[in-house]
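Student: Chains as they are written, first to last, in my numbering: chain Z, 5 to 274; chain V, 6 to 273.
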Amino acid sequence: MGEPLESAGLFLRLSAARIRAQLQYRTSFALQTVGMFLISFLDFAAILVIFANVPQLGGWSVSEVALLYAISSLAFSLTDLAIGHLDYLPQLIRDGSFDLLLVRPRGTLFQVVTQDFQIRRIGKVAQSLMVLGYALATLDVIWTPDRVALLIATIPAGALIFASIWVAAICIVFWTTEGNEAANAVTYGGTFFAQYPINIYDRWLRRFLAYLIPTAFVAYFPCLYILGKADPLGLPVWLQVSSPLVALAAALAAGLIWRTAVRHYQSAGG
Amino acid sequence: MPLAFLRLDLEYAKRGYARYAAYPAATLAGLFTNTVFGFMRAFILLALFEGGGEIGGYDRAATVTYAWLTQGLAATIFIWGWQDLGLRIRTGDIATDLIRPVHPLRAGLAFDVGRSLCHAIFRGVPPVVIGSLVFGITTPSGPAVWLAFGLSCGLAIVVSYAFRAIYNVASFWLLDWRGTTILAITAANFFSGFVIPVAFFPLPLEAIARATPFPAMLQVPVDIFVGRVAGAEVVAALASQLAWAILLLLAATWLFDRGVRRLVVQGG
């Protein structure tokens, strides 16, 4: 089992090389990262605008929704930082350069995600951390060890869930190269969905976007536990602590879907 | 033929339409995503009206209408990242456009009008129809309002195009354009009223938004459609859109012509 470790090392080395390349243009890099950081607050501003008009949304206060937002955004921005270049996959398939990846002695998924590494995406991570700080500072949470542990475990679990969704959804391009925009509905759509309390959505939308695509486990369920809040949906409490397990299951499913999809790859016509 | 001077523009518009109509799977995928976001936004915004009431002139029905109409309009005006012109500048292909008999920005506008027609039909109308079937929406009170809404959408497309042209023309000067593009899109998303109605903003923020050209891309046609802006206010709203359209087109052209002077096309 030396390969996963070796791949991780390779991932870090490739990423470090790309970061060094991007740091060649220091001013541009600084402007982009600061720009991303500032502009991502406009994203959170939507929530502040909502709460400028109403005191609570679906029974959740501004600090509680800020916690949902922060966890969902942090998990998604970490995923975006690590594997956001999956968005290049349609290009690789359209021009047939995916062929090259098939003959190299590495996993295809690994090779696609290491095609690039955009360090400016760290700006969004920083913004999410600041919103998390705001939420934690304004909430009255009694910090028991189990709650601290769950909060810490929730971030990587959420990132893994989003990564799985992304990998599974982008596979649509193996069947129809033009279909990549449909994946946005569950990737970018998934993080947007999870930023709000899921009890405000209609039941059938929840079935599709919260459970089948398990975004409810990114922020909603763990937040109920951390906040000691009664579930407005009245679902079992054990769901609130099962995010890490759901994340592992999602990753397995995504891996399976990827393998199936790659077998379906039919190079570019020529 | 009195419209002879528009003959080339018409040809460009046809090409713009055909370019996007040629990819039905892409259109369907985009429509799917638009619709999913439409449902999410409609439910989120409806949660603001649990106690009934009205926010900034929007009641429950107007807000649901807003949610679906903006989903459709966003595709029609193309609020998302657009790099067609910037890419031609960076690769040097723009040199080919410069020897053509039509100014590249004029050709681009005509092309974009054709594109917007395709997107209006296949990505603009369907979400609104779905929204009206599932939630029920408010519709304009008479033919005059429909006409004003149509005019307003047309102007919104021009304002949006001119704005996109400006951040694309930045490629003449900037080595790295990605940051500028992201900044431009995010600002446009928020201040155009696409994320949340401008009327919901707290006062200082609303004043800032109203001073920018962004509401002219999206919020103005929506306000006309739901009747938040009515009567003589409609004329004023259309006039401000027209003013922004002219101002931004002039700015884009001025920047483009200055950029061309410092253009260096590599190679033979």
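Glycine included, each C-beta is placed from N, C-alpha and C at the ideal position.
#1: Could you check the C-alpha separation between residue 118/V and residue 215/V for me, to the nearest Å?
#2: Compute the Euclidean distance between the alpha carbons of residue 82/V and residue 128/Z, then round it to the nearest angstrom.
#3: Within 8 Å of any Cβ in chain V, is that where the Cβ of residue 125/Z sits?
#4: Would you say residue 11/V lies against chain Z (beta-carbon separation less than 8 Å)?
#5: Check each residue of the stretch 27 to 60 of chain V: if its Cβ is closer than 7 Å to any Cβ of chain Z, include it; give the result in chain order.
#6: When you check each C-beta in the stretch 195 to 215 of chain Z against every C-beta of chain V, which residues fall closer than 8 Å?
#7: With DSSP as the reference, identify every bridge partner of residue 60/V, one or two as the case may be.
#8: Please state the DSSP three-state secondary structure of residue 249/V.
#9: Check distances from the C-beta atoms of the stretch 162 to 195 of chain Z to those of chain V and list, in chain order, the residues that come in under 9 Å.
#10: Can you tell me the Cα-Cα spacing of residue 21/Z and residue 91/Z, whole angstroms?
#11: Enumerate in chain order the residues of its own chain whose CB-to-CB distance from residue 3/Z is below 7 Å, with the five nearest sequence positions on each side excluded.
#12: Counting along the chain, where does the alpha helix (DSSP H) carrying residue 193/Z start and finish?
#13: When you compare the stretch 79 to 96 of chain Z with the stretch 241 to 249 of chain Z, are there three or more beta-carbon pairs, one atom per stretch, that lie closer than 8 Å?
#14: Given that a residue counts as buried once 16 or more other Cβ atoms are within 10 Å of its Cβ, and exposed if not, what is residue 187/V?
#15: Can you name, in chain order, every residue of its own chain whose Cβ lies under 6 Å from the Cβ of residue 266/Z, other than the five neighbours on each side?
#16: CB-CB under 6 Å to residue 78/V, same chain, minus the five flanking residues each way: which ones, in chain order?
#17: Please list the terminal residues of the continuous alpha helix (DSSP H) segment that includes residue 123/V.
#18: Would you kindly work out how many angstroms separate the C-alpha atoms of residue 274/Z and residue 38/V, rounded to a whole number?
#19: Give me the chain Z residues within the contact set of residue 201/V, using Cβ-Cβ distance strictly less than 8 Å, ordered along the chain.
#20: Let me see if you follow: with CB-CB separation under 8 Å, is residue 217/Z close to chain V or not?
#21: Going straight from the alpha carbon of residue 237/V to that of residue 212/V, what length do you get?
#22: Have a look at 175/Z, 184/Z and 86/Z and flag the residue whose alpha-carbon is nearest the alpha-carbon of residue 29/V.
#23: Mind checking whether residue 18/V and residue 100/V have CB atoms under 8 Å apart?
#24: Taking the alpha carbon of residue 271/Z as the reference point, which residue from 103/Z, 16/Z, 43/Z and 217/Z has its own alpha carbon closest?
#25: Assign residue 61/Z to one of three DSSP states: helix, strand, or coil.
#26: So the candidates are 250/Z, 198/Z and 257/Z; which of them puts its Cα closest to the Cα of residue 77/Z?
#27: Residue 135/Z and residue 74/Z look like a contact to me (Cβ under 8 Å); what is the Cβ gap, rounded to whole Å?
#28: Alpha helix (DSSP H) containing residue 45/V: first to last residue?
#29: Flag residue 43/Z as yes if its beta-carbon sits less than 8 Å from any beta-carbon of chain V, otherwise no.
#30: Identify, in the order they occur along the chain, each residue of the same chain with its Cβ nearer than 7 Å to the Cβ of residue 167/V, setting aside the five sequence neighbours on each side.
#31: To the nearest angstrom, how far is it from the Cα of residue 123/V to the Cα of residue 101/Z?
#32: Ordered along the chain, which non-local residues of its own chain (more than five positions away) have a Cβ less than 6 Å from that of residue 161/Z?
#33: Beta carbon of residue 191/Z, beta carbon of residue 169/Z: below 8 Å?
#34: Identify, in the order they occur along the chain, each residue of the same chain with its Cβ nearer than 6 Å to the Cβ of residue 261/Z, setting aside the five sequence neighbours on each side.
#35: Ordered along the chain, which non-local residues of its own chain (more than five positions away) have a Cβ less than 7 Å from that of residue 91/V?
#36: In terms of residue numbering, what span does the alpha helix (DSSP H) encompassing residue 21/V cover?
Tutor: Quick answer:
#1: 25 Å
#2: 27 Å
#3: no
#4: no
#5: 28, 30, 31, 34, 35, 37, 38, 41, 42, 44, 45, 48, 49, 52, 53 and 60
#6: 196, 197, 200, 204, 205, 206, 209 and 213
#7: 63/V
#8: helix
#9: 176, 180, 181, 182, 183, 184, 185, 186, 187, 188, 189, 190, 192 and 193
#10: 20 Å
#11: In the structure displayed, chain Z extends from 5 to 274; residue 3/Z sits before or after that span and is not available.
#12: 192 to 198
#13: no
#14: buried
#15: 112
#16: 223
#17: 109 to 124
#18: Low per-residue confidence applies at residue 274/Z: pLDDT is 49, beneath 50, and the placement is therefore not dependable enough to give any value.
#19: 50, 53 and 54
#20: no
#21: 21 Å
#22: 184/Z
#23: no
#24: 103/Z
#25: strand
#26: 198/Z
#27: 4 Å
#28: 29 to 51
#29: yes
#30: 250, 253, 254 and 257
#31: 31 Å
#32: 247, 248 and 251
#33: yes
#34: 172 and 175
#35: 173, 176 and 182
#36: 12 to 26
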